[in-house]
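Let me begin by presenting the structure, written as structure tokens, before commenting on it.
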Amino acid sequence: MERTFTALLARMQELRDLQGIIGLATWDQETYMPAKADGARAHQLSTLQGLYHERLVEPWLGETLAWAAEQPGLEADQRAMVRVLTQERDRAVRVPQALVKALAEAQSRGLAAWRQARKEKRFSIFQPALARILELRREQADAYGHDGERYDALLEGYEPGMRVARLTPVLTALREALIPMVAAIVAAPRRVPEVLKGRHFDGEAQWRFTLRLLEAVGFDLEAGRQDRSIHPFTGGTHPSDVRLTTRIDEANPLNALFSTIHEAGHGLYEQGFSEAHYRTPLAAAPSMGLHESQSRLWENVVGRSLAFWEHFYPVLQEAFPQALAGVDVGGFHGAVNRVSPSLIRTEADEVTYNLHIVLRYEMELLLIHDELPLADVPAAWNERMKRYLGVTPPDDTQGVLQDIHWAWGEFGYFPTYSLGNLYSASLYRAAERALPDLTGHLRRGELLPLRDWLRTHIHRQGYRLPAEELIRQVTGRGLTDTDFLDYLRSKYGALYGISL
Ligand code: ZN
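Shown next, in the form of structure tokens:
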């Protein structure tokens with residue numbers, strides 16, 4: 079095969095097309111696929127993934143990428159494409175096929191054992207499967223290669239460029255700032271009541287409201303769609319075909335509202351890639367943390383702000399005149415921002431959420447370093463829950479067994495959630511500097527100026543730069559907890575009437 083950039087580009091396009099079809103089959107699996115197609119779809123997906131892997135590890139591609147990296151005539155974007163695909167390919171070729179197979183098997187056993195352990199509320203049932211997963215993930219980390227820190231090699235799969243030595247000091251400082259902040263809020267004399275409890279919110283009206291939100295944030299419904307699924311997600315085949323899902327719960331409208339805004343944040347990112355990058359490795363976020371910064375910015379920083387609801391609450395009240403009778407915008411804003419230390423990560427508020435993540439990150443380091451006997455995992459978990467959040471899980475299902483990630487072998491994933499929160503606050507602060515009337519825009523329901531600013535500075539950049547470099551370019555500094563902590567202090571200080 080010829081060694082030209084044109085041939086290389088054709089392979090990049092082919093790889094992206096395969097990913098797009100995998101995305102379509104996966105989206106369908108989670109939304110409309112008949113239950114009986116489960117087994118057949120698993121085969122189809124595994125065949126497609128096998129094809130993708132074959133095309134990726136082919137020696138011709140490795141040789142051509144190495145050749146292209148030496149060509150002085152390439153443009154900056156072409157060089158970035160070569161760099162990104164080389165990174166992906168290098169990781170894929172370093173893991174022997176036998177290990178890939180063993181991991182897939184260990185994950186599927188892990189998942190079954192985790193489900194059974196959750197049913198019986200006993201970690202010990204999951205323990206042998208977890209031991210096997212950890213053994214293989216350590217082996218995989220060594221196959222990827224690292225400078226003595228195995229966790230770095232796993233983190234690289236979700237957050238390229240991030241390192242434990244960079245991340246640990248930031249997350250530890252965040253933890254030390256959050257523990258007293260949570261305690262101060264819990265002790266605050268002002269109560270924030272749960273005004274939405276015990277009311278009924280019609281599902282169809284909720285669905286119509288989520289579509290209004292999508293329109294308001296500028297999600298293009300001719301280049302995407304929204305459907306329903308049990309666990310909301312963003313997928314799709316291409317920037318012109320971005321699929322969001324949401325979840326409707328008639329007892330709690332916040333599920334659908336915030337799932338839609340969150341996924342729309344992901345979806346705007348996907349729709350916003352530059353046309354020049356379509357079907358290349360640059361039409362992608364440089365990291366999961368950066369992707370999550372977009373969803374959290376829209377969901378939390380915008381979607382849970384008073385300014386946003388000053389415009390949208392009257393619209394919501396019009397959709398639910400009975401259910402929201404007697405609730406004013408202040409009461410509603412309080413209800414969507416109540417701080418309450420709790421057991422379950424996915425139900426946590428903005429202030430306590432990152433303590434759940436720091437806990438998991440610390441546990442993952444111990445597990446990957448083999449510094450914690452597995453039998454002691456539930457006790458170590460519960461001890462940290464008590465120390466960080468002041469709560470103790472009554473059983474393992476509401477404690478160490480609550481997340482699916484470890485059963486899937488996903489070590490290194492959790493910290494990307496906190497990175498998303500930290501980056502979202504820094505980006506919003508930069509947007510406020512660039513758009514002096516940003517709060518006024520939100521108050522008037524004008525969300526497009528913010529979307530367009532993000533589009534220019536984040537979305538259209540794609541994967542030209544690693545995540546932290548892009549953040550530095552846009553905000554003037556790299557990863558920091560300062561902007562996020564300032565944001566929490568000012569918002570929750572006002573809400574609870576205390577100085578934080
Ligand atoms: Zn997300």
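Take any residue in the sequence shown, count from 1 to its spot, add 78: that is its number in this note's numbering. From the three backbone atoms N, C-alpha and C, an ideal C-beta is built for every residue, glycine too. Remember, it's a predicted structure, so these values are computed and weren't measured experimentally.
The beta strand (DSSP E) spanning residue i covers which residue range?
i: ARG303; result: 302-306
What are the residues that DSSP puts in a beta bridge with residue i?
i: THR323; result: ASP305
i: GLY140; result: Per DSSP, none; premise fails for GLY140.
i: HIS316; result: ASP319
Using 8 Å for Cβ pairs, my map puts residue i next to residue j. What's the rounded Cβ distance?
i: PHE562; j: ALA503; result: 4 Å
i: ARG345; j: THR315; result: Reading off the sequence, residue 345 comes out as Gly, not Arg. Contact flag wrong, Cβ pair sits at about 13 Å.
i: GLN372; j: GLY302; result: Not quite, the Cβ-Cβ distance comes to about 15 Å (not below 8 Å), so this is no contact.
i: TYR574; j: ARG268; result: 5 Å
i: ARG581; j: GLY498; result: Because the chain in this structure spans residues 79 to 578, residue 581 falls outside the shown range and cannot be described.
i: PRO364; j: LEU513; result: Not quite, the Cβ-Cβ distance comes to about 24 Å (not below 8 Å), so this is no contact.
i: THR109; j: ASP305; result: 5 Å
i: ASN432; j: LEU152; result: With a Cβ gap of about 41 Å, ASN432 and LEU152 do not count as contacting.
i: PHE351; j: HIS537; result: 6 Å
i: GLN205; j: ALA458; result: Contact flag wrong, Cβ pair sits at about 13 Å.
i: LEU394; j: PHE489; result: Contact flag wrong, Cβ pair sits at about 40 Å.
i: GLU396; j: ARG521; result: With 8 Å as the limit, GLU396 and ARG521 do not qualify as a contact, their Cβ atoms being about 18 Å apart.
i: ARG462; j: LEU437; result: 5 Å
i: SER177; j: ALA221; result: For clarity, residue 177 is Leu in the given sequence; the question names Ser instead. Confirmed, about 7 Å.
i: ARG357; j: ASP155; result: Not confirmed; about 13 Å, so no contact.
i: LEU332; j: VAL414; result: 6 Å
i: GLU377; j: GLY343; result: 6 Å
i: LEU443; j: TYR236; result: Rounded, the Cβ-Cβ distance is 15 Å, inconsistent with contact.
i: ALA283; j: PHE201; result: Not confirmed; about 42 Å, so no contact.
i: VAL405; j: TYR570; result: Not really, about 20 Å apart at Cβ, beyond 8 Å.
i: LEU123; j: PRO493; result: About 27 Å separates the two Cβ atoms, so there is no contact after all.
i: ALA207; j: ALA191; result: 4 Å
If you follow the alpha helix (DSSP H) that residue i is in, where does it begin and where does it stop?
i: TYR130; result: 116-135
i: MET463; result: 455-467
i: ILE39; result: Within the shown structure, residues of the chain are numbered from 79 to 578, placing residue 39 beyond reach of any answer.
i: THR84; result: 83-109
i: GLU282; result: 281-295
i: ARG438; result: 428-446
i: LEU500; result: 493-512
i: HIS411; result: 407-413
i: ALA190; result: 175-198
i: ARG277; result: Per DSSP, ARG277 belongs to no alpha helix (DSSP H) and is neither H nor E.
i: GLU254; result: 242-264
i: ARG416; result: ARG416 -> no alpha helix (DSSP H), and no H or E assigned at all.
i: PHE562; result: 560-574
i: THR424; result: Element bounds for THR424: n/a, residue is neither H nor E.
i: ALA231; result: 228-233
i: ARG269; result: No alpha helix (DSSP H) holds ARG269; DSSP gives it neither H nor E.
i: THR517; result: 516-521
What residue ranges within the segment 525-555 form continuous beta strand (DSSP E) runs of no fewer than 3 residues, ordered along the chain? Whole beta strand (DSSP E) segments, 3+ residues: zero.
Threshold first: 4 residues or longer. Then list the alpha helix (DSSP H) segments lying entirely within the segment 349-404, N to C. Unbroken alpha helix (DSSP H) stretches of 4 residues or longer found wholly inside the segment 349-404: 366-374, 384-397, given in chain order.
Where in the segment 141-169 do unbroken runs of the beta strand (DSSP E), each at least 3 residues long, occur, reported from the N-terminal end onward? Entirely contained in the segment 141-169, not one beta strand (DSSP E) run reaches 3 residues.
Within 6 Å of the ligand ZN: residues by beta-carbon to any heavy atom: Qualifying residues come out as HIS340, HIS344, GLU370, SER373.
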